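In the numbering used here, the protein residues as written are 3 to 365.
The next block holds one structure in the form of C-alpha cells; read it before the comments.
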Amino acid sequence: MRIAVVHHIKAGDYAEYLSALVNSQAMQKDFAVKVWSYSIPASQQYIPDDAVVYIIMEANSRFAVSWWYAVKLPAILKKIGAKAVLDLNGITPVKTILPKITAFPETVFAGDKQRGIIDFAKQQLPHSVSKASKMIVHSADKATAFKNVPENKIEVIPFTPPSAFRTFEWHEKIMIKAQQADNKEYFIAVLEDEAEEVFVRLLKAFTKFKAWQQSSMQLLILPKFESFSPGIRQKHETYKYREDVRLLEDLEESQVASVLASAYGMVLLWASHPDLVVLTAGLQCALPVISLNNPDVLEYAGDAAVYVQDETVDALSATMIQLYKDEDLHARLKEAGKNMSALLNRNEYEMRFWRILETAACS
Numbered sequence: 003m004r005i006a007v008v009h010h011i012k013a014g015d016y017a018e019y020l021s022a023l024v025n026s027q028a029m030q031k032d033f034a035v036k037v038w039s040y041s042i043p044a045s046q047q048y049i050p051d052d053a054v055v056y057i058i059m060e061a062n063s064r065f066a067v068s069w070w071y072a073v074k075l076p077a078i079l080k081k082i083g084a085k086a087v088l089d090l091n092g093i094t095p096v097k098t099i100l101p102k103i104t105a106f107p108e109t110v111f112a113g114d115k116q117r118g119i120i121d122f123a124k125q126q127l128p129h130s131v132s133k134a135s136k137m138i139v140h141s142a143d144k145a146t147a148f149k150n151v152p153e154n155k156i157e158v159i160p161f162t163p164p165s166a167f168r169t170f171e172w173h174e175k176i177m178i179k180a181q182q183a184d185n186k187e188y189f190i191a192v193l194e195d196e197a198e199e200v201f202v203r204l205l206k207a208f209t210k211f212k213a214w215q216q217s218s219m220q221l222l223i224l225p226k227f228e229s230f231s232p233g234i235r236q237k238h239e240t241y242k243y244r245e246d247v248r249l250l251e252d253l254e255e256s257q258v259a260s261v262l263a264s265a266y267g268m269v270l271l272w273a274s275h276p277d278l279v280v281l282t283a284g285l286q287c288a289l290p291v292i293s294l295n296n297p298d299v300l301e302y303a304g305d306a307a308v309y310v311q312d313e314t315v316d317a318l319s320a321t322m323i324q325l326y327k328d329e330d331l332h333a334r335l336k337e338a339g340k341n342m343s344a345l346l347n348r349n350e351y352e353m354r355f356w357r358i359l360e361t362a363a364c365s
C-alpha cells in the first residue's frame, strides 16, 4: 500500500502536524517513509510496497502551482504507483482517479491576505471541497464552515500535544524557576520569531501589570521556531522592565516543556491566527491561559482560558492582573486544562488518521 503525501513547506502548522502523525504511524506499521526525488529517474528510486512517499513542491506563483497540480503531480503519482494521495496544502489534486484526502491548513481560514500556496488554496477552495474524497480539518468550528457537504466526508483531526509536555510537581517547578527565572513566578508566551507588533503589545500590557503589582513577577518569551528577529531583540534591550522579561532561544523540546509546565500562566497572542500547537501543549501542562476571544481557542481550551474581549493593551493587562490576584480562578483554570487535554489524546487521533489513509488506499 503506497500512500503519496503532497506537502509544501509554507502550508502551515497543521500540515507539519499531520505529517508528524503519518510518520509516527508509518514507523509503527513498518512502512518506509520516502521523499520523491526530482533529480533521480523513477526507475532508480526504490519504493517498497508499503510506503509513504512525500512529494515536496516548491512552486509559489499561481501559474506555477496550477501547472504543477495539473501536469507534474499526476505524472509523479503514476510513477509512484500510489493507491491514495493525501494533500496537506488544502488543494485537491483533481487530475487523478485516486482516492483524494485533502487536509485544509489553518492558514486557509485566516482572514489576512496571504501569498503563494495558501492564496492559491483559498482561491481553489470550492473546487477542492467538491473533488475531495475525504476532508480533514483541525476543528469542529471549521467543519461547519463548509456548506452542503455530507458530514461523513469531513473528519476533524485536532492538534494534539507531543508526549514531552506534562504537568509538573511543585519541586520540579522550583528547579526550573531557579534555572530560568531567578526563583520567581512568571507568565509564559510563545511568539512568531518576527512578530514585533505583538511583542510590543505584550510588553505594554506587562508594563501596566508591573505598575499595579510592584513585585518580582517575570515574563518569559519563547520564539515559535529558533530565535527572535533583531527588531524584537532591540526593543527588548530598551524596555523599562527588561530584567524581568527574558527571551529564551534555542531550547530543546524537553526544555520548552519544562519552562511551560513551570509557568504561572500562558498569554496566547497572535498576528493572524492562534498557535494551537502551543495552546495544546499548555493545556497538557495544566497551564491557565489568557487568550484573545477566538472560536478555535474556545473549542480547544473551553473553561481552561480566560478570554480578553478586545485586543487593547488595557484589556490584556487587566486580565493578567485578574489571573494573578484571583487564586480560585487560577485553580479552576488548571483543573479545566487537565480536563480539556484529556480530550486531545495524540495516540487516539494518530490512529484515527491512519485508518482514514488505509481505508482510502484499500478502496
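Ideal Cβ placement from N, Cα and C applies to all residues, glycine included.
Computed from a predicted structure; not experimentally measured.
CB of residue i within 9 Å of CB of residue j, strictly
i: A265; j: Y188; result: yes
i: P164; j: A283; result: yes
i: F106; j: Q286; result: no
i: V54; j: A28; result: yes
i: R64; j: F148; result: no
i: K124; j: V110; result: yes
i: R244; j: Q182; result: no
i: I234; j: D195; result: yes
i: H1; j: L79; result: Lying outside 3 to 365, the shown extent of the chain, residue 1 is not represented and no answer is given.
i: G92; j: S132; result: no
i: E174; j: S256; result: no
Beta-ladder partner(s) of residue i, from DSSP
i: I103; result: L88 and K136
i: L346; result: DSSP, once it has assigned bridges, lists no residue as partnering L346.
i: S45; result: Looking at the DSSP assignment, S45 forms no beta bridge with any residue, so it has no partner.
i: P225; result: L193
i: H10; result: M59
i: Y188; result: Q220
i: V37; result: Y56
i: I292; result: V269 and V308
i: E157; result: I138
i: I82; result: Partner(s): none; I82 has no beta bridge.
i: R354; result: DSSP output for R354 lists no bridge partner at all.
i: L249; result: I223
Own chain partners of residue i with C-beta closer than 6 Å, once the 5 adjacent residues on each side are dropped
i: L205; result: Y241
i: A72; result: K97
i: L224; result: V192 and L250
i: A197; result: A273
i: M268; result: I190, G284, L289 and V291
i: L318; result: A207 and V310
i: R348; result: T162
i: G118; result: K12 and N62
i: L335; result: P290 and A306
i: Y390; result: No information on residue 390 is available, as it lies outside the stretch 3 to 365 that the chain covers here.
i: T146; result: none
Residues near residue i in its chain [Cβ-Cβ closer than 7 Å; skip 5 each side]
i: W214; result: I323
i: A86; result: I5, L100, P101, I103, L359, A362 and A363
i: E301; result: S141, A142 and D143
i: V35; result: N25, A28 and V54
i: H238; result: R244, V247 and L249
i: F33; result: D52, A53 and V54
i: Y19; result: F161 and V279
i: K155; result: K136 and M137
Inter-residue spacing [alpha-carbon to alpha-carbon] between residue i and residue j
i: A13; j: I120; result: 7 Å
i: L359; j: V291; result: 34 Å
i: I176; j: L289; result: 16 Å
i: V280; j: S45; result: 42 Å
i: S218; j: R203; result: 20 Å
i: P297; j: H275; result: 11 Å
i: E60; j: Q47; result: 20 Å
i: W38; j: I49; result: 9 Å
i: V158; j: F211; result: 38 Å
i: A57; j: L221; result: Reading off the sequence shown, one finds Ile at residue 57, where the question assumed Ala. Spanning the two alpha carbons is a distance of roughly 41 Å.
i: P128; j: E313; result: 32 Å
i: V333; j: V299; result: Correcting the residue type first, residue 333 is Ala in the shown sequence and not Val. Cα to Cα, the separation comes out at about 19 Å.
i: T169; j: A263; result: 6 Å
i: T94; j: W172; result: 49 Å
i: W69; j: Q126; result: 14 Å
i: T209; j: A320; result: 11 Å
i: V315; j: E199; result: 12 Å
i: V258; j: Q30; result: 26 Å
i: D15; j: L271; result: 16 Å
i: S135; j: S343; result: 30 Å
i: A84; j: A112; result: 32 Å
Beta-carbon contacts of residue i that lie in its chain and below 8 Å, excluding the five residues immediately before and after
i: N185; result: I176 and K179
i: L346; result: P160, F161, T162, P163, T282, L285, Q286 and Y302
i: L294; result: L270, L271, W272, P276, Y309, V310 and E313
i: A17; result: H9, H10, L90, N91, A105 and P107
Contact test: residue i Cβ vs the ligand SAM heavy atom, cutoff 8 Å
i: L222; result: Ligands in the displayed structure: none, and consequently the ligand SAM is not present.
Given 8 Å, three or more beta-carbon pairs between the segment 299-317 and the segment 337-353:
yes
Contact the segment 348-355 vs the segment 17-29: 3+ CB pairs below 8 Å:
yes
Does the segment 244-263 touch the segment 214-230, meaning 3 or more C-beta pairs lie closer than 8 Å?
yes
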